[in-house]
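First the structure, in the form of structure tokens, and then the observations on it.
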Amino acid sequence: MTFGKGCHLHLIDGSAYIFRAYHALPPLTRKSDGLPVGAVAGFCNILWNELSRNGGKDAPTHIAVVFDYSSKTFRNEIYPAYKAQRPEPPEDLRPQFSLTREATRAFNVACLEADGFEADDIIATLAQQAVDAGGACTIISSDKDLMQLVGNGILMRDPMKDRLIDRAEVEEKFGVPPEKVVDVQSLSGDSVDNVPGAPGIGIKTAALLINEYGDLDSLLARADEIKQPKRREALIQNADLIRISRQLVTLKRDTPLDVTLDDLEVRAPDPERLMAFLTDMEFRSITRRVAEKLKIAPPAITETPPATPEDAPRPEAPPIDPGTYEAIRDMAALQAWIDRIRAAGHVAVDTETTSLDEMRAELVGISLCIEAGQAAYVPLGHRQGGGDLFGSSDLVAGQIPMEEALAALKPVLEDPAILKIGQNMKYDWKILARHGIRIAPFDDTMLMSYAMHGGLHGHGMDFLSENYLSHIPIPIKSLLGSGKSAITFDRVGIEDAVKYAAEDADITLRLWERFRPDLHRARVTTVYETLERPLVPVLAEMEMAGVKVDRDTLSRMSNAFAQKMAALEDEIRTLAGADFNVGSPKQLGEILFDRLGLPGGEKGKTGAYATGAEVLEDLTTMEDSHPTGARLAARVLDWRQLSKLKSTYTDALQDHIHPETGRVHTSYVIAGANTGRLASTDPNLQNIPVRTEEGRRIREAFVAPAGRRIVSLDYSQIELRILAHIADIPALKQAFKEGHDIHAMTASEMFNVPLDQMTPDIRRQAKAINFGVIYGISGFGLARNLRIPRAEAQGFIDRYFERFPGIKTYMDDTIAFAKAHGFVQTLFGRKIHTPDINAKGPGAGFARRGAINAPIQGTAADVIRRAMIRMPAAIAGLDARMLLQVHDELLFEAAEDAVEPLIARAREVMEGAAHPAVHLSVPLIVDAGQGANWAEAH
DNA sequence: TGCGTCACG
DNA sequence: GACGTACGTGACGCAC
1 MTFGKGCHLH LIDGSAYIFR AYHALPPLTR KSDGLPVGAV AGFCNILWNE LSRNGGKDAP
61 THIAVVFDYS SKTFRNEIYP AYKAQRPEPP EDLRPQFSLT REATRAFNVA CLEADGFEAD
121 DIIATLAQQA VDAGGACTII SSDKDLMQLV GNGILMRDPM KDRLIDRAEV EEKFGVPPEK
181 VVDVQSLSGD SVDNVPGAPG IGIKTAALLI NEYGDLDSLL ARADEIKQPK RREALIQNAD
241 LIRISRQLVT LKRDTPLDVT LDDLEVRAPD PERLMAFLTD MEFRSITRRV AEKLKIAPPA
301 ITETPPATPE DAPRPEAPPI DPGTYEAIRD MAALQAWIDR IRAAGHVAVD TETTSLDEMR
361 AELVGISLCI EAGQAAYVPL GHRQGGGDLF GSSDLVAGQI PMEEALAALK PVLEDPAILK
421 IGQNMKYDWK ILARHGIRIA PFDDTMLMSY AMHGGLHGHG MDFLSENYLS HIPIPIKSLL
481 GSGKSAITFD RVGIEDAVKY AAEDADITLR LWERFRPDLH RARVTTVYET LERPLVPVLA
541 EMEMAGVKVD RDTLSRMSNA FAQKMAALED EIRTLAGADF NVGSPKQLGE ILFDRLGLPG
601 GEKGKTGAYA TGAEVLEDLT TMEDSHPTGA RLAARVLDWR QLSKLKSTYT DALQDHIHPE
661 TGRVHTSYVI AGANTGRLAS TDPNLQNIPV RTEEGRRIRE AFVAPAGRRI VSLDYSQIEL
721 RILAHIADIP ALKQAFKEGH DIHAMTASEM FNVPLDQMTP DIRRQAKAIN FGVIYGISGF
781 GLARNLRIPR AEAQGFIDRY FERFPGIKTY MDDTIAFAKA HGFVQTLFGR KIHTPDINAK
841 GPGAGFARRG AINAPIQGTA ADVIRRAMIR MPAAIAGLDA RMLLQVHDEL LFEAAEDAVE
901 PLIARAREVM EGAAHPAVHL SVPLIVDAGQ GANWAEAH
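Counting from 1, position 689 in the first sequence corresponds to residue 689 in full-length UniProt numbering; the numbering is continuous, with no gaps.
As structure tokens, this is what we get:
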């Protein structure tokens, strides 16, 4: 039904519901595992009451529940203090936010939120759309901030008092009609939300003034006419603040939304899905009430607490049998599946393509799964086996035309009320984005596993299936072959493809069913929902944007390197007196230590001499005793540097320039690094040289297109700042607050050297110690790094611990925590498991240092993830985009006149990224640069 | 495929 | 008392 005259939209203020439910009910926890669910129970009750209200003339034809997305909105850009001193939600409420959204979907009601906007803005926008379309709208809320909307077909209803709020009611509260509520609020301000207003003027006075002068602008223009001196001055002095206040309190009626009114049509809940949710929450009375109303038998709720998550009772699922999967070959069959998906409210999705490179891959088919064992595959791009010289060939018959199938699936994949489930969703998201489809909302089983099992094992589907479902999936090699004779998926026969592809969707769905309750039990729902899942579209957009790389610059550098290398090779062979492969460590070792008889040759476990940079650097100091060997070692070091730069960078990067975009598109691995860091692959753009002058020039090839600039922002000393906070070191915190040179301060403290007598060498030693602390310092490691005797290094460490005793306490406490729990945590709750922490032997050292480092490195990783997730909304409207992340640095490309505002906004987001979840006791500082290329910007 | 090496934070 | 060690990554070439 198209929304129009006679339609009635109900908009429920979900966030207000949650807080009301939370405060109205005693703290209630789920019996089996103690998960706090009181607010969810209250929310379900209110929502169910709302949905079961008897018809009548105000019965909704369309309905949605609207939530706040986060505490940071566009209003913070206008006025940073806005809602800033809002208290943190209580600890036992936080995990319930996501559950209420799940509840909303379980009731089959559209669940809306928008990054950068308040729920009130979405409500204002949809209400306006509803009346513009000739329909009516009822807002279910008692929030006074929404009262400005009342009138012209928009009503409010207080859900608690069950009372209508009409124009008269608003006028009673504010002393003015709804259209002038904004004017009154601008003057009176709001101490709870930190809206400044004019000091000394409350609602009563404000209404009086507005009624006298007509509206706010007239009032401000004629402020000097006010008789009372205090009021007059308050208005004249604070005219700007009042205008800012107006911007803050005025609800945005044109919030960008990805749904239309038609998407919000009332749908009956799917009894099975709703019951599954309610029984999973262990809500006895609501389950019974809902079951009665739906005329079904209420399922039993088991309350036996599981001994461990692994022993939790699992619902019976049929065995995985690829023989039962369906091939969807015509629109009728596809439509039937779409209907089933809509009824289920969720679907596991997997795309099959011709390549693992999302920017080059062509879509071949899509598999779908609604419940365990119920899976299907839609072949779209399968081709005849042979093909001509150019690899092109005809499509196999019996496939729905791709555009037609995608047009039918797009509304489902983008429907806010249908949850899409994937394994490594960033891949499928990018493939479908290239066909104009933006998947939302979604869950990702890989990221769920990462949040729960980080540090325990990998999170690829094959491993997860075998480990958690005891099922080994069909190997892709059995279809594609391997090596030179490997084929692409479009050449796989459709019958085989159905089995393989649909099985993947089936497995994904089963993993999701299993992981969903586990996520709550492991207390990592917030990590998953705030640090993992929202990163997917952000990274996908960055990867698709790519970074422009200038081929000519790289090519010229490659040629120059080749010439220098050839000259070095000649010299090396002359010095060696033999022809050998300089690139072979084995041959080089034999030349140095056997043929030339240099001392210090040590063979490793493979029987080869070690020839690493450290070994060669030692040899270069033997100019007196072994002049030939010393010079040979020096030349090899030079050659190695050039060889690295050429093979890994100037040559390889050229091969990664995309033929159509002319840009390099890396791929970030979200669930790769144990600590929460991202990893960059194909190519790795997180290790582009910078430490040597020659290497740094490679960054000149990373350029901005004409008229644009590269902008780089990076956190200054973020890990040391986090260490100072976590370990609570007053001296370090003080130094950061006052903006001192932290390494110099450390040196001064440790070596009793006044700051004005600091030498670079003493500072360098202190810097090495500071880094060593982050890495889980050892006397041996520090000695090797500083090239000093081990006893001396140990003396430094002892002294450091003496001066900063909190560091030692942090280390000991962290190890003890890891031994007791089997994991350590970041400030944001990310868990990093430490399975080897109780190991005996040399492995124990690694595990201990890893446990010390992980909370620090991981917290820094969490901070920049939070910044990245907020960044798109923060820079919306600027001609600028985020391109790369390098652990503590974000790289952007921007139009020249957008550079300044970009730096201002991005810096604010990055420096404030820990808020509001964590209040760091040290400031985070971000440095910024810009230029025509990365070398200039950094 | 494993190892050594070396690029980055 | 000896073991072996700074933390976290990915890509390349060689040797098997």
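The beta carbon of each residue, even a glycine, is placed where N, CA and C say it ideally should be.
Assuming residue i and residue j are in contact, meaning their beta carbons sit under 8 Å apart, how far apart are those beta carbons, in whole angstroms?
{"i": "residue 375", "j": "residue 505", "result": "5 Å"}
{"i": "residue 148", "j": "residue 178", "result": "6 Å"}
{"i": "residue 270", "j": "residue 108", "result": "6 Å"}
{"i": "residue 422", "j": "residue 508", "result": "6 Å"}
{"i": "residue 701", "j": "residue 553", "result": "4 Å"}
{"i": "residue 155", "j": "residue 166", "result": "6 Å"}
{"i": "residue 328", "j": "residue 377", "result": "7 Å"}
{"i": "residue 674", "j": "residue 854", "result": "7 Å"}
{"i": "residue 557", "j": "residue 650", "result": "5 Å"}
{"i": "residue 868", "j": "residue 447", "result": "At roughly 15 Å, the Cβ-Cβ gap does not stay under 8 Å, so residue 868 and residue 447 are not in contact."}
Can you name, in chain order, every residue of its own chain whose Cβ lies under 6 Å from the Cβ of residue i, other than the five neighbours on each side?
{"i": "residue 81", "result": "194"}
{"i": "residue 451", "result": "524, 527, 528 and 532"}
{"i": "residue 309", "result": "In this prediction, residue 309 scores a pLDDT of 48, lower than 50, which makes its location untrustworthy; the coordinate-derived value is nonetheless stated afterwards. Contacts found: 518 and 521."}
{"i": "residue 5", "result": "134"}
{"i": "residue 668", "result": "539, 678 and 680"}
{"i": "residue 68", "result": "15, 118 and 119"}
{"i": "residue 211", "result": "none"}
{"i": "residue 811", "result": "852"}
State the Cα-Cα distance for the pair residue i and residue j, rounded to the nearest angstrom.
{"i": "residue 417", "j": "residue 298", "result": "24 Å"}
{"i": "residue 876", "j": "residue 21", "result": "34 Å"}
{"i": "residue 326", "j": "residue 935", "result": "54 Å"}
{"i": "residue 233", "j": "residue 221", "result": "13 Å"}
{"i": "residue 928", "j": "residue 703", "result": "17 Å"}
{"i": "residue 460", "j": "residue 469", "result": "13 Å"}
{"i": "residue 948", "j": "residue 301", "result": "Only positions 1 to 938 of the chain appear in this structure, which leaves residue 948 out of reach."}
{"i": "residue 339", "j": "residue 63", "result": "20 Å"}
{"i": "residue 920", "j": "residue 814", "result": "19 Å"}
{"i": "residue 834", "j": "residue 776", "result": "14 Å"}
{"i": "residue 170", "j": "residue 365", "result": "55 Å"}
{"i": "residue 345", "j": "residue 781", "result": "55 Å"}
{"i": "residue 252", "j": "residue 180", "result": "16 Å"}
Would you list the one or two residues that DSSP bridges to residue i?
{"i": "residue 112", "result": "66"}
{"i": "residue 79", "result": "The partner list for residue 79 (beta bridge, DSSP) is empty, contrary to what the question assumes."}
{"i": "residue 326", "result": "376"}
{"i": "residue 940", "result": "Missing from the structure shown is residue 940; the chain here goes from 1 to 938 and no further."}
{"i": "residue 421", "result": "348 and 443"}
{"i": "residue 230", "result": "Its beta-bridge partners do not exist; DSSP assigns none."}
{"i": "residue 501", "result": "Paired residue(s): none; residue 501 is not in a bridge."}
{"i": "residue 893", "result": "710 and 881"}
Please list, in chain order, all residues of the same chain as residue i whose beta carbon is under 8 Å from its beta carbon, the five residues on each side excluded.
{"i": "residue 208", "result": "175"}
{"i": "residue 60", "result": "8, 9, 10, 138 and 266"}
{"i": "residue 239", "result": "220 and 223"}
{"i": "residue 940", "result": "Residue 940 is absent from the model: the chain starts at 1 and stops at 938."}
{"i": "residue 592", "result": "598, 601, 609, 611, 619, 629, 632 and 633"}
Leaving out five residues before and five after residue i in sequence, what residues of the same chain have Cβ atoms less than 7 Å from its Cβ?
{"i": "residue 931", "result": "709, 710 and 937"}
{"i": "residue 717", "result": "742"}
{"i": "residue 851", "result": "814, 815, 818, 824, 834 and 837"}
Touch test, the stretch 273–280 against the stretch 101–116, Cβ-Cβ under 8 Å, three pairs minimum: yes
Validate contact between the stretch 893–912 and the stretch 89–105 using beta carbons, cut 8 Å, 3 pairs: no
Sufficient close CB pairs (3 or more, under 8 Å) joining the stretch 490–498 to the stretch 318–335: yes
Meets three-Cβ-pair contact criterion under 8 Å: the stretch 856–876 and the stretch 787–803: no
Meets three-Cβ-pair contact criterion under 8 Å: the stretch 639–648 and the stretch 687–694: yes
Stretch-stretch touch, CB-based, cutoff 8 Å, three pairs: the stretch 855–863 with the stretch 813–833: yes
Validate contact between the stretch 179–186 and the stretch 240–250 using beta carbons, cut 8 Å, 3 pairs: yes
The stretch 860–868 in contact with the stretch 905–921 per 3-pair CB rule at 8 Å: yes
The stretch 390–406 contacting the stretch 345–361, beta-carbon criterion three pairs below 8 Å: no
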